[in-house]
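Structure, as structure tokens:
Chains as they are written, first to last, in the numbering used here: chain A, 1 to 597; chain B, 598 to 832.
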């Protein structure tokens, strides 16, 4: 049975970007939000350390410094007009969150508390600056809860546990989506004037990841299958501090509060790689340094992990060596109790999953696949772009991790993802509603669910052959080994070949559950198809890019090459073939310079 | 080590109309999450086994389950914490739809009934943040941690007997706003919770506090709300 609905604006995904879009779109237009989860299960809730904004509550800071740090962090691949816009919007949007009720941690004088984070600096002294606005180490949780609370207050229409599987187009204009209702297995057609994708990322393509099970690249895969390119997919961030083997995130805020990375010889090795800001260098820089230490045999007991040490005596020792001061000029010193108040969840995770008490022992960590800088190409109005001339697809918007504006370029700074979802979620909501008010519903095709049924029926009817878990595990290992922190021609070529093989084998994948209700077996299989598509364009884009920039580090091309490669990749997926094109980076006032921390 | 898993099954659509249990022997590490075992069974032994999960580290609230007779998040309890014989069942008091999946709508409907959002349209003229002292912020810190997993509400014997009872999670979320110095709707929320199915249905069993994976002092929060119903709020 197929049910039909009509809403002027349909938002896919209910994390921070989707909910922010919903709050703004619903003020002006009939709006519905579809999520494959309950909204409060969204992965925004796992973000920990804070949202970046140059409030200057504790020491001098400037929006311009935030913009420069972001451009530099992005290794000059970010679009500077969009970055300047985002960093300027950061200040009012953080105040807006406080007005909505977000329970930020507070300074002694009652203002929003701020902490240090990697790559965020005072541009004059070059030292780390207090810019990340936080609520303990639960900032993403508080943002997600606050936005959901506001949606309840404003009576936003939700379709919970509706998994979107297809985007509908008519004459090159978006006019709806197809979703399966998990509880019944029924297909639903949502006829819309404007569609917003806010579906998050795809870290589940890698073996060790901080990402939720739900992070399977649905948005990029669905749009690619409808002929829309993906931008800069080769740039995927490895966060330096994931819990060993499990990949669970340990916030950079731990290092912001004074924690340090230590190798098997007991050395604080980051001072050799980033002499000025040390442990608070950009994430790509720190993850590479960790891999080099491990490769040199300097892992803990020679193994493939390192220590993140936040014991108060260690924090205080290095704070004294670095001459770190509080904003009032007194020497920076911490106690175990103060650290517990600053990062309580981290201490809980360490105790639960590692049986380690971080106040008395160092934590075993390794880099973990964390964040997609690439995604659906958009401009700073969250409009989706379909070619290298930046042609807009009418009626289609994207925001948050699924989108590539690009404000993160080749490497995102910590705290800028929460900022991105707020600023561009809001833009998407405003623009989608504005467009919808001036547009008519474009007629649907005769059989709008045909492509969805074709995909699901094949999975249901296949017998024997391949198992989801086998293909999934082979993909994750290959991506980790060959499309990870360090890359080479041979490794990436073999990854492209392997992913082509896996996509062939995926055609024979079968599912055991033949029911309609909550058929998670079927949907897990469908999600694997998304991950394989996304992984293939990631590997193909990476193989083609013959330079090292941000998170894309090649052993065979170790230098950044601005003359040939200061440009965005666009990738189209045609069957098994990946077609690549390129477009220029928007530059305002920041000319590329050598990147040192 | 070999773990003996006993898993609740219910799926009327596939003919499993009365609840029963399937058993699986699974090779596991003591540090594996119970969720890892369920994922293993689903991937390798029985694809029809159904349960919700997402973040897999205790912050999204999808996978509240009854494990060896008490509520946990399956992703936040390790094999070494529950032993080699592990019984997994759906949380109690909400209609079971399929295996460990329950109907969450009554839970969220209750949550929405207490105005779970800040009420205060006044903002500083300079457009900046409202001021709140560290002490004022600390007053409601504990209840901001709630992830709406329903582990508390579905551990409550009053809720098992009376599905109309608003339940601990709803009171926790009311508490989060009632004791926020910036909020202006405490009296309306207290009015809602003073009713027959409100805070005074709590019999102080402390099950909720034991069940909370976020270690919120749920019973204490309920007691503070009861006191506020009687004698008002001092912020």
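Cβ atoms here follow ideal geometry from the backbone N, Cα and C, with glycine treated the same way.
- Scanning its chain for C-beta atoms nearer than 6 Å, with the 5 sequence neighbours on each side dropped, one finds around residue 421/A the residues 16, 17 and 400, in chain order.
- Around residue 469/A, the beta-carbon contacts reaching into chain B at under 8 Å are 640 and 641.
- Approximately 6 Å separates the beta-carbon atoms of residue 631/B and residue 664/B; this is inside 8 Å, confirming the contact.
- For residue 474/A, the uninterrupted alpha helix (DSSP H) run begins and ends at 468-482, by DSSP.
- Across the segment 646-673 of chain B, CB contacts with chain A closer than 9 Å involve 646, 647, 648, 649, 650, 651, 652, 653, 654, 655, 656, 657, 658, 659 and 673, in sequence order along the chain.
- When the beta-carbon positions are compared, residue 22/A and residue 8/A stay at least 7 Å from each other.
- Closest by C-alpha distance to residue 723/B, out of 285/A, 135/A, 95/A and 446/A, is 95/A.
- Contact between residue 754/B and residue 805/B does not hold, since the beta-carbon distance rounds to 10 Å and is not under 8 Å.
- One Cα belongs to residue 31/A, the other to residue 2/A, and the distance between them is close to 21 Å.
- When secondary structure is reduced to three states using DSSP, residue 608/B falls in the strand class.
- Nearest to residue 652/B by alpha-carbon distance, out of 65/A, 44/A, 59/A and 544/A, is 44/A.
- Nearest C-alpha to residue 73/A among 464/A, 449/A and 410/A: 410/A.
- By the criterion of at least three beta-carbon pairs nearer than 8 Å, the segment 676-687 of chain B is not in contact with the segment 708-721 of chain B.
- Contact with chain B is found for residue 111/A, since one of that chain's Cβ atoms lies less than 7 Å from the residue's Cβ.
- A contact between stretches requires three or more CB pairs, one per stretch, nearer than 8 Å, and the segment 622-631 of chain B meets this requirement with the segment 659-676 of chain B.
- Here the alpha carbon of residue 742/B sits roughly 41 Å from the alpha carbon of residue 394/A.
- The straight-line gap separating the alpha-carbon atoms of residue 688/B and residue 263/A is approximately 44 Å.
- Remark: C-beta atoms of residue 360/A and residue 239/A do not approach each other more closely than 7 Å.
- At a Cβ-Cβ threshold of 7 Å, residue 769/B and residue 825/B do not count as neighbours.
- According to the DSSP assignment, residue 663/B belongs to the beta strand (DSSP E) that extends over 661-664.
- Under the three-state reduction of DSSP output, residue 828/B falls in the helix class.
- Minimum Cα-Cα distance from residue 470/A among the listed residues 160/A, 525/A, 278/A and 133/A corresponds to 525/A.
- Annotated three-state conformation of residue 218/A is helix, per DSSP.
- Residue burial annotation: residue 257/A is buried, with at least 16 other C-beta atoms found within 10 angstroms of its C-beta.
- Under the Cβ criterion of 7 Å, residue 644/B is counted among the residues facing chain A.
- Annotated as distal: residue 704/B and residue 737/B, with beta-carbon spacing of 7 Å or more.
- Contact check for residue 412/A against residue 237/A passes: the beta carbons are separated by less than 7 Å.
- By the C-beta density criterion, residue 493/A is exposed, having fewer than 16 other C-beta atoms within 10 angstroms.
- Residue 581/A places its beta carbon 7 Å or farther from that of residue 573/A.
- Burial state of residue 427/A is buried, judged by a 10 Å Cβ sphere holding 16 or more other Cβ atoms.
- Spanning the alpha carbons of residue 144/A and residue 138/A requires a straight line of approximately 10 Å.
- Residues of chain A whose Cβ lies closer than 9 Å to the Cβ of residue 694/B are, in chain order, 183, 517 and 518.
- 37, 38 and 40: these are the residues of the segment 23-40 of chain A whose beta carbon lies less than 7 Å from some beta carbon of chain B, given in chain order.
- DSSP places residue 497/A in the uninterrupted alpha helix (DSSP H) bounded by 489-506.
- Under the Cβ criterion of 7 Å, residue 106/A is counted among the residues facing chain B.
- Proximity of residue 370/A to chain B, defined by a Cβ-Cβ separation below 7 Å, is not satisfied.
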